[in-house]
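In this note's numbering, the protein residues as written are 2 to 717. By construction, the Cβ of each residue, glycine as well, lies at the ideal position given by its N, Cα and C atoms.
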Ligand code: ADP
């Protein structure tokens, strides 16, 4: 089978990771892989634009932004004549299986191409440009579409390739602006991308605690009035985010300069404007934008090899791949756009889905002041190790409890703090969302004996605590199971080993830290002798971080407690690595979870591999340790903390029993703590069912190297 792949429309970080996965998985499964340069432009031009891609052509590209295939806008493809040329070039190259990565424009074009394929074939025969036999060999186009766009405006996926990275760029920029804004008592008005979609602006506003955000989907009656309601003279700092396409209800575009002038003249707030522009599109992809494209890319090739009939778009629903007929995905995407254009804003917000709606409710928080008549006292404590995003949970907790008219109480240093009466009244929450670890301190302690449990319950009652939110790891669940008051757990640990959720707060930041570290390791090996790095990552007996990082960075082998090393496996892997080195590999990464059995820890593995290498390469061990735990929270971790904590507070205020609030298929779900614990592996401290990632091994087998003939490079 010959499979073509192209990227089209606006480039998006993560496209390269998809290309790499598609090409390598396709080659490993015996397909011929062909790349088409500059999207539909290459398709309509043909010639050298359609070329064979080999294994090594996609080495080291996953950590690069943009797309190695290039991308373009192609006006010719908007016409039937242009698309007929594309059919001609594809058929001549023997391609009738195609993977298109792009935004809604590109996917619309690709869908038309598949629809019109038979008609164009008939035309080409009529005009004597192709013979009937060739046409019969390619009667239809088998098409898989992958959503690639920083805007996250496609229906049928939680997020598009490139969105998470763009969000990283925006959040980094706004965090930086917020610190200077605070020092100068200034306001910053920041324009972010999104002509038709406020997805980036809205998520960035929630991640940074922006005071005001203007979105195309939710226009204000009059933006000046919104600003006067939300901001006041003498504010310590203010951040206003504006999506490119934001307008007010009269249709007047909301411009950053106009906001600045209004803030200075009417509210006497010194203001500056910043347009983030193409910075949002560029740079290395985030961990999510490496992991997700790999998953989608592998599934795309699988679908084609399995004989896919009708054009299909693949997207994500949590960690799972979701397939939607391409025409349905495009129709629903267009409906959302049309509802915005027609001014049916509430319908547009609803149509964007639960995630968007949750963020609409969460924006503008961290500003609610204490109600004079606080009814109940609801407390928050951490249990376990610190995790990035815990501060976002604290800020959200305080806001949500106050907004409901109750009093938030923060417990210092975990549950031990209740026994010792260490509490904090939440005051300054400014800047909290952006801070790593937790300002509250945390502790692993939880009651183990009946006596300890009874003391804890007594202390809780003494302090008038009527509901409890526990933010932490596996131990938080165990602690929650002994509570007598409403208690909800927000899973927060980089290990992602908490039952009741597919992902926990902190894991994404850790994954980003690992990816960045591995990029550096790979670069450090450039120009040196062949080198293999054995990288030990956290997670204990839950291999999530090792497996996800391995997939995101293209590791050679991954050893975890769930998929443990044995002497036989190590020997087999070492021989394969020797073969790869003999064929020209210079650097390789082996990921090892810190919970593998002692004889197979990273250092021992390095020794065993070195022994088997017979001098082919050097080995280096790198234990990433606590740098995985300490980072500033990534946008995904902040958003997760906000979503889960808001729901946890609602559960506690609603008088729940003991609950864990997590994600299932990307949606917030609530589960009873006892059931979550029963379904877990208590001894290994991990969920009984783990959301399996596709096995990396499929990307690894290398075919025997053969000399490349010139005819191989150009298939025409
Ligand atoms: P994106 O894919 O990022 O949304 P564009 O909307 O610019 O970017 O589309 C990229 C390319 O896809 C266009 O230059 C054009 O070649 C093709 N395309 C877009 N819309 C259509 C359409 N309605 N019909 C056919 N081709 C289209």
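Looking only at 173, 494, 433, 410, the smallest Cα-Cα distance to residue 425 is reached by 410. When secondary structure is reduced to three states using DSSP, residue 99 falls in the strand class.
About 6 angstroms separates the beta carbon of residue 3 from that of residue 35, a gap short enough to meet the 8 angstroms contact definition.
Ranked by Cα distance from residue 261, the options 543, 229, 282 are led by 229. In chain order, the residues positioned with their C-beta nearer than 6 angstroms to some heavy atom of ligand 1 are 9, 10, 11, 41, 74, 75, 78, 79, 103, 104, 105, 106, 107, 109, 110, 113, 150. Per DSSP, the beta bridge partners of residue 3 are 33. As computed with DSSP, residue 644 is found in no beta bridge at all.
Taking C-alpha positions only, residue 420 is separated from residue 476 by approximately 17 angstroms.
Burial state of residue 320 is buried, judged by a 10 Å Cβ sphere holding 16 or more other Cβ atoms. In the structure shown, the three-state DSSP call for residue 516 is helix.
Counting only runs that start and end inside the region 209 to 259, the alpha helix (DSSP H) elements of at least 4 residues fall at 224 to 231. Contact between the region 667 to 680 and the region 536 to 548 is not established, with fewer than three Cβ pairs separated by less than 8 angstroms.
C-alpha of residue 678 to C-alpha of residue 60: approximately 43 angstroms in a straight line. Contact fails between the region 168 to 180 and the region 122 to 135, because fewer than three Cβ pairs, one in each stretch, are under 8 angstroms apart. DSSP places residue 266 in the helix class (H, G or I) of the three-state scheme.
In the pairwise beta carbon analysis, the region 516 to 533 is classified as touching the region 585 to 605: at least three pairs are separated by under 8 angstroms.
Going by DSSP, residue 535 is part of no alpha helix (DSSP H) but of the beta strand (DSSP E) stretching over 532 to 538.
In the three-state reduction of the DSSP assignment, residue 504 falls in the coil class, being assigned neither a helical nor a strand state.
The closest CA to that of residue 252, considering only 523, 56, 215, is found on 215. If you look at residue 318, you'll find it isn't in any alpha helix (DSSP H); it sits in the beta strand (DSSP E) that goes 313 to 318. Residue state for residue 690 is assigned as coil, using DSSP reduced to three classes. In the structure shown, the three-state DSSP call for residue 287 is coil. In this structure, the CA atom of residue 227 is about 27 angstroms from the CA atom of residue 167. For residue 605, no beta strand (DSSP E) segment is defined; the enclosing uninterrupted segment is the alpha helix (DSSP H) at 603 to 614.
By the criterion of a C-beta distance shorter than 8 angstroms, residue 348 is surrounded in its chain by 340, once the five residues flanking it on both sides are discounted. Inclusion of residue 24 and residue 100 in the CB contact set at 8 angstroms is not warranted, their separation being larger than that value. Distances from the CA of residue 163 to each of 172, 153, 171, 157 were compared; the closest alpha carbon is that of 153.
Of the candidates 597, 382, 495, 557, the residue whose Cα lies closest to the Cα of residue 469 is 382.
The Cβ atoms of residue 84 and residue 10 lie no closer than 8 angstroms to each other.
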